[in-house]
Structures are given as structure tokens and as C-alpha cells.
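Residue numbers (the numbering used here), protein chains in the order written: chain A, 1 to 82; chain B, 1001 to 1184.
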């Protein structure tokens, strides 16, 4: 499940089940960049200054992701027995 | 009667509004979707009063928008059976009169206006009783009892009233009756 942190006010829910992930799998990376590119194409504001030669929304989303400003995280649903 | 109801729903925030403060966007979207809506249980939603909780945004496959679970307070008006209401006559038609009860209009059928034979005057737009010489016209303030309620979604809601009971009717009639009937 993807989580979006929006604008200045990002909500972190109850917090305990959500934690920062240091390294994403290639599947998560693809999902995040895909979702972010779609948002940018739908008119979401871009969060950092982007070099002029990046024109496609996928390129902009990838750039954001690499700079670490992409406002999307992943909720990993762990299998647990309780 | 008016109620403050706490509701829970999921709100879709479109990407082009990500730049604005989330609270404002959510309140805005809730107002657009809920205000004026007629529902069987809620009655008519008059206003969104307060947004209490906004959950984390979740992004669903195929849509760039974020979905938030929100809890909010809405002010609603729900007419209840046998409730006695005050209102103003806003229109007289050949089958009765429409009474404004705040956010909704209700109908007093011509047979329910008073304990008399009531006829409709097309030219003056007045309902008048044959023997009592009482009349009802646009702008009159009345007290009435709700006798039927039908609140279906996507309709304006139908409410039936009666004024054929002691203490009900145009406020001037009640004054005339004084101690006999109801006090005004």
C-alpha cells in the first residue's frame, strides 16, 4: 500500500505501523515512481527545481525519487501470526 | 429538528490540489459532496461544521489521487413524525400550501388546512374556509404537525403537514382562540 504525504501537513496516522524504509525493492521503486509520475501528469506540484532537459513526468518523478523528496512511502504489510 | 451528526467517509483528493493545505481541501470536497444531499437516515445535510480527523493518504492503482479516511461533523435537518413545527407559507396552489421549514418545504394539503370546507381562490392565491371565514395566503406564519415524511436520495424530500388539530394553524387564529385552543 502506498502512502502519500501531502504538502506541508502530512498525516502519519497512528504512527506505530508506519516506519521509514531505507531501501526499496525494485517493485516498490517502480510503483512509487509510476504513481508519482501519474500525479505530476495530473497537475500535482513538483517539489524541487528540476533541470530543464527533464520534460516527461516519468523523468521528473524519477529525479524526485533519486533526490529523496518524493512524498510517497510504502506500507509494508508483514505477515504476522497473532 | 436539527442534528449535529458525526460521519466517517473516504475522500478523494485530486493531485492538482496537493499544493493547498489538506484540511482546507478536504473540507472543500466534503462541502461539495454533502451539502444539500437528502438521505433517509440523515435528512438533509445543511452544512459541514467541522472536520475532526484526516487519515493518511493512500494511493490506489490507476489513480494518482490520494484517498483519506475522514471523520467530520455535519449539521442536518431531519423532520420527524409528529413534530410540531413553525413555518412560513411560501406558495399557495390548488391542492394546498407549501410551508418553509428552514432548509425544506412541506405541504399542507387543502383538506388539512383547517376544520372546515376549504376552497381555493385562483385569482388571489388564497385558501379560505367556508364557515369560519379564515384564510391562508403566502407569507402567513403557521404552526403545524408533521404527519408524513419521505426522504429519498436524489429527491428534495416530501413532507406532509396537518393543521387540523387544537393549537395548530395560522398564528393569528391561535391568538383569536386564546385560552380555548393552544396558546400562541
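Positions of the beta carbon are idealized from the N, C-alpha and C atoms, including for glycine.
* Asked: How many whole angstroms separate the CB atoms of residue 1097 (chain B) and residue 1113 (chain B), which I take to be in contact at a CB cut-off of 8 Å?
  -> 7 Å
* Asked: residue 1015 (chain B) CB to nearest chain A CB: under 7 Å?
  -> yes
* At 3 residues or longer, and completely inside the stretch 1063-1143 of chain B: list those beta strand (DSSP E) runs for me, N to C. => 1066-1077, 1084-1093, 1096-1101, 1104-1109, 1118-1121, 1126-1129
* Asked: Excluding the five sequence neighbours on either side, which residues of its own chain have a C-beta within less than 8 Å of the C-beta of residue 1148 (chain B), listed in chain order?
  -> 1081, 1158, 1159, 1160
* **Expected contact under 8 Å - CB spacing of residue 1129 (chain B) and residue 1116 (chain B) to nearest Å** => 4 Å
* Within 10 angstroms of its Cβ, does residue 1163 (chain B) collect 16 or more other Cβ (buried), or is it exposed? -> buried
* Straight-line Cα distance separating residue 1131 (chain B) from residue 1169 (chain B) -> 16 Å
* Asked: Just the Cα atoms here: how many angstroms apart are residue 1070 (chain B) and residue 1012 (chain B)?
  -> 10 Å
* To do: Check each candidate in A:68, A:24, A:79, A:37 and name the one with the smallest Cα separation from residue 59 (chain A).
  => A:37
* Looking at the C-beta of residue 1181 (chain B), does it have a partner C-beta in chain A at a distance below 7 Å? -> Low local confidence applies: a pLDDT of 49 at residue 1181 (chain B) is under 50, so the model's placement there is unreliable, and no value is given.
* residue 1050 (chain B), enclosing beta strand (DSSP E) - first and last residue -> 1043-1054
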